[in-house]
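**Student:** First the structure, which I've put down as structure tokens, then a few questions once you've had a look.
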Amino acid sequence: MNLMEAVKARRSIRRYHATSINDDQLECLLSAAQWAPSAHNRQPWRFTPLRSLSAKEALADAMGGKLRADRRKDGDDERIISADVQRSRARIVEAPLVIVVSMSLSDMDQYKDELRSNAEKVMAIQSTAMAVQNILLAATSIGLGACWMCAPLFCPDIVRSTLGLPADWEAQALVTVGAPANEGKPALRKPIALMTHTAD
Ligand SMILES: Cc1cc2nc3c(=O)[nH]c(=O)nc-3n(C[C@H](O)[C@H](O)[C@H](O)COP(=O)(O)O)c2cc1C
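Counting in the working numbering, the sequence shown tops out at residue 1644, every number present.
Next comes the structure, spelled out in structure tokens:
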């Protein structure tokens, strides 16, 4: 599969066969991530691959507790909350591989003013997102399905304590990976012309 084929074939795949992900496949995904561009080439991405059921359950249950608490504060119906928490848990636990993606500001430049500090943080987030895109494309290219889930973004402290991550690792997302059990939702994209402002 060449690059444009992978770009267009990639879909968010949320259901997987139970087949496990082997070390070579994991290595392929992380190696693709490693070669992403990053601001100042500081490579702020950090990865925590989870393949054991116990690790996936621990993470899903810890994040589920936070989701439930947040939704109760929103005043949502208890049955709808439980269904959503259960659905999110199943997606994590049933994925053969979960890669928790964090970023660290430890190697980024430091500034005294808020504007440049914030810009530096945004650069780290952008760089980490590029690494994730590489994971998603690499997964497609080797016949795997994957999906970005933003849940860790809402509870980085819980993710850090549950997984024993270093203090400077800030969870951004998780990527579920496995052999695809379906084709994903239909590919829908808005016309490029709607998203383009020509200024030449
Ligand atoms: C930043 C980001 C956050 C996302 N978060 C979630 C998520 O929490 N749950 C989910 O099912 N999909 C999530 N997705 C996947 C999007 O829903 C998906 O990319 C979009 O619907 C387009 O579909 P496609 O990836 O199949 O082309 C996320 C994607 C991105 C880039």
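C-beta atoms are modelled at their ideal positions from N, C-alpha and C, and glycine is treated no differently.
1. Please look up how many angstroms separate the CB atoms of Val1576 and Leu1473, rounded, as I've assumed it's under 8 Å.
2. Have a look at Ile1524 and Ser1561 and give me their C-alpha separation to the nearest angstrom.
3. State the DSSP-derived secondary structure class of Gly1509, mapped to helix, strand or coil.
4. I'd like the span of the beta strand (DSSP E) that includes Cys1591, first residue to last.
5. Any heavy atom of ligand 3 closer than 7 Å to the Cβ of Cys1472?
6. Rounded to a whole number of angstroms, what is the C-alpha to C-alpha distance between Ala1506 and Glu1522?
7. Rounded to the nearest angstrom, how far is the Cβ of Ala1480 from that of Met1574, given a contact under 8 Å?
8. Per DSSP, what are the beta-bridge partners of Glu1564 in this structure?
9. Residue range of the beta strand (DSSP E) that Pro1493 falls in?
10. Apart from the five residues on each side of it in sequence, which residues of its chain come closer than 7 Å, Cβ to Cβ, to Ile1586?
11. Buried or exposed for Ala1590, going by 16 or more other Cβ atoms inside 10 Å?
12. Closer than 7 Å to a non-hydrogen atom of ligand 1 - does that hold for the CB of Trp1613?
13. If you drop the 5 nearest sequence neighbours on each side, which residues of the same chain put their C-beta closer than 7 Å to that of Ala1631?
14. What is the DSSP secondary structure of Ser1585, reduced to helix, strand or coil?
15. Where does Thr1640 sit, in a helix, a strand or coil, going by DSSP?
**Tutor:** For this structure:
1. Going by Cβ atoms, the distance from Val1576 to Leu1473 rounds to 10 Å, so no, they are not a contact pair.
2. 40 Å
3. helix
4. 1589-1593
5. Within the structure as shown, ligand 3 is missing, the only ligands being ligand 1.
6. 18 Å
7. 4 Å
8. Paired residue(s): none; Glu1564 is not in a bridge.
9. 1489-1494
10. Gln1469, Cys1472
11. buried
12. no
13. Arg1455
14. helix
15. coil
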